[in-house]
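Residue numbers (this note's numbering): -5 to 90.
The structure under discussion appears below in the form of structure tokens.
As structure tokens, then:
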């Protein structure tokens, strides 16, 4: 098998895939942090009286941020898979 040199367009597509993977990591960390705050930490602090009842309202924002991060993660993953067709140009056999 003779390797095919990568074109500038191939490098651009690979760059976008790698950027998406880093953004997916940020989204995963954002999702986990928001859900931890909204589902575990804030209710515990409110029930113990350490923070005011106003924080219960903020839970909704943290839930929305968490679900927004999850939706963005899924969108980035789908887009990375679709853009991943460039890998077939220079690495046709994934099962090595």
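Positions of the beta carbon are idealized from the N, C-alpha and C atoms, including for glycine.
Pop quiz: residue 53 and residue 34 are said to be a contact at Cβ under 8 Å. What is the actual Cβ separation, rounded to whole angstroms? Contact doesn't hold; Cβ gap of about 11 Å is too wide.
Cα-Cα separation, residue 50 to residue 43: 12 Å
Our contact map puts residue 70 next to residue 17 with C-beta atoms below 8 Å; I'd like the distance itself, whole angstroms only. 6 Å
When burial is assigned at 16 or more other CB atoms within 10 Å of the CB, is residue 13 buried or exposed? exposed
Neighbourhood of residue 56 by C-beta distance below 6 Å, restricted to the same chain and skipping five residues each side: 28, 31 and 32
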